[in-house]
Amino acid sequence: MNVFFRDIEKKWQQKWKQSKIFEANPKNQKTKFFITSPYPYANGPYHIGHGRSYVCSDVFARIKRMQGFNVLYPMAFHITGTPVLAVSAAIKRKDKKIIELYKEYVSYHTKDKKEIDKIINSFTDPWNLVKYFSVAMRKDFENIGMSLDWRRCFTTGDKIYNKFIEWQYHHLKKQKLIIKDKYPVLYCVDCDNAVGEDDIKSGDEQNLDIQEFVLIKFKLQNQDAFIVVGTLRPETIFGATNIWINPNEIYVKAQVNNEIWFISKIASLKLIYQNKKIKIIKEINGSELISESVITPVIKKKIPILPADFADVDFATGIVFSVPAHSVFDFIALCDLKKNKKLIEKHNLDFEKINSIKPVKIIDTKNFKDIIPAEYICKKYNISNQSQKDDLKKATEELYSSEFYNGILNKKCLEFSNLKVNEIKNKIKDFLVEKNISQIFYRPVSWPLKCRCGGKIFVKILKDQWFIDFNSNKWKEKAKNCLEQMTIIPGKYRTAFEKVFEWLDKRPCARKRGLGTQLPFDKKWVIESLSDSTIYTAFYTIAGLIKKHNIEPEQLSIELFDYIYKNKGTIKEISKQAKIDEKIIQNMKNEFEYWYGVDLRHTAIMHISNHLSFYIFHHTAIFDEKYWPKAISLIEPVLCEGQKMGKSKGNVIALSTISSKYFADLFRIYIITNASFSSPVDWKEKEVKIMEKQLEKFYWTIENIISCKSKKIQNNENAFVFESRFNKILIRSIAAANQFNLQKYAQMGFYDISNLVYEYIANNKKNSVALHKCIKNWIILLSPLIPHIAEELWQKTGEKKFVSVCNLPKITSKDIDEELIEKYDFIEKIIKDINNIKKIINAKPKKINLYIAENWKYFAFNKSVEIEDKANLFSVLMSDARIKKHGKDAANYIKYLQKNPPLKKTDMSSEYEILKKEIDYISKCVGLEVCVLNSDDFEGNLKANRASPSKPGIELV
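First residue of the sequence shown: 1, per the working numbering; consecutive thereafter.
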């Protein structure tokens, strides 16, 4: 069946392309809707996780188009930075791993092995790689039914785009939002270049923040040298009892500037990148330092160096000072060492001295007044040794949180006593630096990091780096103002933006190498990939006209862009200077002013901390407020069989394979119905197969209804209730889409209506009139979701126009008979209950008695609807003599009403009349004679006593 659907998809994709129905031009009489998704990076295929983002945005675009909006949905390709160069260089040096990987990538679109080899060899030129994957990705997008305006397509390496970015950076520099400064940045040691998210392997999945460590110098006793320790908590220096060094690792004795330091070998390499002059004197084994003593800074106390396998040479300096009163790791490590006589003897340590080491408490909190905090927490979590990693982690988090937010430094901390822990870190850091006791060291939060070229990534302090300064000139105030006005979907992600806005500071905006745009005021630098992709959505508005009229890059001056985007200058001056016809310039300006700003930007949550936040900031810096972004919608990632997708797991499903292994509409409907935006989609092959069967059933059901040539039968009440139910679901489905809830829109539009239609067909095989009335609206409703199947079925109804550009049905409450729906809901619930009882009992009943509830129950039922405070329900109802006289039965029924409060009143006589009128229908559905009886006439009958309003008692006789 896949092949059949694939043929349908190819057919309609070709028709859409030929008819150009998704090309959008300004129409002043129509309201515009400008929607975008981030352009893909053109250095390899995307997977279905990316596909989720693009399909969601396409469904939004199609829905808006069918609601009468003039929709612009464009796409371009990102190539800036070093990733493309890294792949090209790897192929040039015959890197087997990369070559095999790219052979696999190319095989998604090309099957001939000789042709694949030829294509791979061409990738030694980076531009060939870009061109190949730009074309391949466009094909992938077309194959999943994306309704894009391709006239506006460009790459970030195009010269016309470079001119646009030069204009952007001209204005950023003019506003002093770009500065040259010394700053720590992530740095590839092989590329010899600063790197960002796009340059780092899995950069969009990792925390790329830089941590600031304090390196504290402990003087070795009897030596003019220092044991240098890295810490994130300098305030704990007052509680140090010993030093931990890994006896099994390599350390170095090195001259660092004018001092002798003992640090790990890898730390000495990192320090070179942080402006330290390093000269290695000799390498030593960590065990050589065990049993030595150091003098603690500030309080000048002698403490020993002890062995610890957990001291990681790759973490800061590879040496740790121990604070067993306030670190659960240190406390347990010290306890373990005290019990390990063999280890103590191995390193010639004094057993009694080791056992005499006591935790030094320096922080007081309400929770830990007269106890050692780390000892207490270890007992709480039943931690007895270092192997309990998970418990140690939880205990550490609890203790740190308690002390950071509630802790006060005690008198052992000298002049820092009585100060709050959460306010003291910088004061102590500055104090230690001023006394030449410490220095600052930077390290990535995530470790290890690797560049796409394969090189290690350290932190380097660059002296003349260009930065965007997000704290400059009240820029954050404008960005926050923009965010306040924006719609964020789902709303829970707004706080994530707010947190990012708070910590955003200086960020490198240029590199010394890579593809992209040169800084216009310092051409040695190339603007990096997250800094040239912030306002490119504005370039979509004019890119098509630039290409259509063959405007050269040299004609795209700052003055031209100022006129288009900022309404500066006169058209005559600009036309003369740029040598572009006035009409063309005016059309470009009209395009921008009609389409901008972006009404909805849709992408994944991992972009909040970088691209999306930069997108908001840069818009507020460059454009007038009326052109600022209006809304952002966000999704979670896609899993595969419950696991994160990854090459190492072999579970990555390339977007390119959707059209060959599955089919587009199957992918689209599965990815939308499977999860809400705030949850991951879990791609499960078994569920995908089930979804495929459901689509097949849907298709053939609709086709059979369309082709049905039976005589028209007069519509009956069943048909009317079917239409009302259909219209009610349809309205709710469209309402869900308007609230950006695509999952609910799809589930109601596909599953709920399918169930309704299949049930109606099963009970009304001869009556196709009602189905024919609703079927077109159903096809239109599902067109954004499964556009290829919808077009095919729409054509079969005899329609000539594309369903993709039809208007969504305009159904109102007038098209819904709520009373009729309630009536049939009542009847069908009874039928369902009867059939369920029949399945349970062993006997074969001859007839069914339906007991309408006693009159007093209807009175209580309707009275409870009026009473807002259900807590008073019992006292109010039992005060009425008509109810009270029923004693225990009344009490039990009132308790039932409190637990199941009715929302709407009902009437005993109307329920009785409905059942009497539909007695033949009920009898037919349950296959038994049915009698309708009044419970008031059958006092003492168990089933009659159990009857309640809207729920008759059921007796099988």
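In this text, a Cβ means the ideal position worked out from N, Cα and C, and glycines have one as well.
Keep in mind the model is a prediction, meaning the values are calculated, not measured.
query: I'd like the span of the beta strand (DSSP E) that includes Lys847, first residue to last.; result: Lys847 to Ile852
query: If you check the beta carbons only, do Val106 and Ile98 fall under 8 Å apart?; result: no
query: Tell me the DSSP secondary structure of Trp447 in three-state form.; result: coil
query: From this set, Cys451, Cys56, Cys931 and Asp125, which residue's C-alpha is nearest Asp190's C-alpha?; result: Cys451
query: Using three-state DSSP, classify Val189 as helix, strand or coil.; result: coil
query: Of the residues Lys572, Ile731 and Glu692, which one's Cα is nearest the Cα of Lys814?; result: Ile731
query: In or out: Gln465 buried (at least 16 other Cβ within 10 Å) or exposed?; result: buried
query: Which two residues bound the contiguous beta strand (DSSP E) that contains Glu212?; result: Ile210 to Leu220
query: Here's a check: name, in chain order, each residue in its chain whose Cβ is nearer than 6 Å to the Cβ of Asp391, leaving out the five neighbours to either side.; result: Tyr381 and Ile383
query: For the beta strand (DSSP E) containing Val652, name the first residue and the last one.; result: Here Val652 belongs to no beta strand (DSSP E), and DSSP marks it neither H nor E.
query: Residues in the same chain with beta-carbon distance under 8 Å from Lys905, minus the five sequence neighbours each way, listed in chain order, please.; result: Phe861, Asn862 and Val865
query: Is there contact between the segment 843-850 and the segment 872-887, where contact requires at least three CB pairs shorter than 8 Å?; result: no
query: Between Pro184 and Ile144, how many whole angstroms is the CB-CB distance? I'm expecting something under 8 Å.; result: About 42 Å separates the two Cβ atoms, so there is no contact after all.
query: Determine the direct distance from the alpha carbon of Ile761 to that of Ala944, and round the result to whole angstroms.; result: 35 Å
query: Does the count of Cβ pairs from the segment 77-92 and the segment 519-533 closer than 8 Å reach three?; result: yes
query: Helix, strand or coil: which one does DSSP assign to His171?; result: helix
query: Can you name the start and end residues of the beta strand (DSSP E) that Asn704 belongs to?; result: No beta strand (DSSP E) contains Asn704, which is instead part of the alpha helix (DSSP H) from Glu685 to Ser707.
query: Taking 7 Å as the cut-off, is the beta-carbon of Asp532 closer than that to any non-hydrogen atom of the ligand ADP?; result: The ligand content of the structure shown is nil, which means the ligand ADP is not present either.
query: Mind checking Asn674: buried by the 16 CB within 10 Å criterion, or exposed?; result: buried
query: Looking at C-beta atoms only, is the number of pairs between the segment 620-628 and the segment 646-663 that lie closer than 8 Å three or more?; result: no
query: Taking just the CA atoms, how far does Val256 sit from Ile959?; result: In this structure the chain extends from 1 to 957, so residue 959 is not present and cannot be described.
query: Less than 8 Å between the CB atoms is what I'm expecting for Ile266 and Asp314, so what's the real figure, rounded?; result: 5 Å
query: Which of helix, strand or coil does DSSP assign to Asn25?; result: coil
query: My guess is that Ile991 and Ile263 are in contact by the Cβ rule of under 8 Å, so how many angstroms apart are they, rounded?; result: The structure shown does not extend to residue 991, since the chain is modelled only from 1 through 957, so no value can be given for it.
query: When the distance is taken between beta carbons, is Ala61 closer than 8 Å to Ser147?; result: yes
query: Measuring only the C-alpha atoms, how far is Tyr563 from Arg93?; result: 47 Å
query: Any chance you could list the alpha helix (DSSP H) runs of at least 4 consecutive residues sitting entirely within the segment 343-383, in chain order?; result: 351-355 and 373-380
query: Are the beta-carbon atoms of Tyr662 and Val688 separated by less than 8 Å?; result: yes
query: Per DSSP, which residues does Lys427 bridge with? Please list them.; result: Bridge partners of Lys427: none, in fact.
query: Three-state secondary structure (DSSP) at Trp525?; result: strand
query: Do you know whose CA, among Ser37, Thr110 and Glu166, lies nearest Glu554's CA?; result: Glu166
query: Under DSSP, the beta strand (DSSP E) around Asp314 begins and ends at which residues?; result: Careful: Asp314 lies outside any beta strand (DSSP E) and carries neither H nor E.
query: In three-state DSSP terms, what is Ser613?; result: helix
query: Rounded to a whole number of angstroms, what is the C-alpha to C-alpha distance between Phe238 and Asn193?; result: 40 Å
query: Between the C-alpha atoms of Val930 and Glu911, what's the straight-line distance to the nearest angstrom?; result: 15 Å
query: Helix, strand or coil for Pro965, going by three-state DSSP, please let me know.; result: Residue 965 falls outside the range modelled here, since the chain spans only 1 to 957, and no answer is possible.
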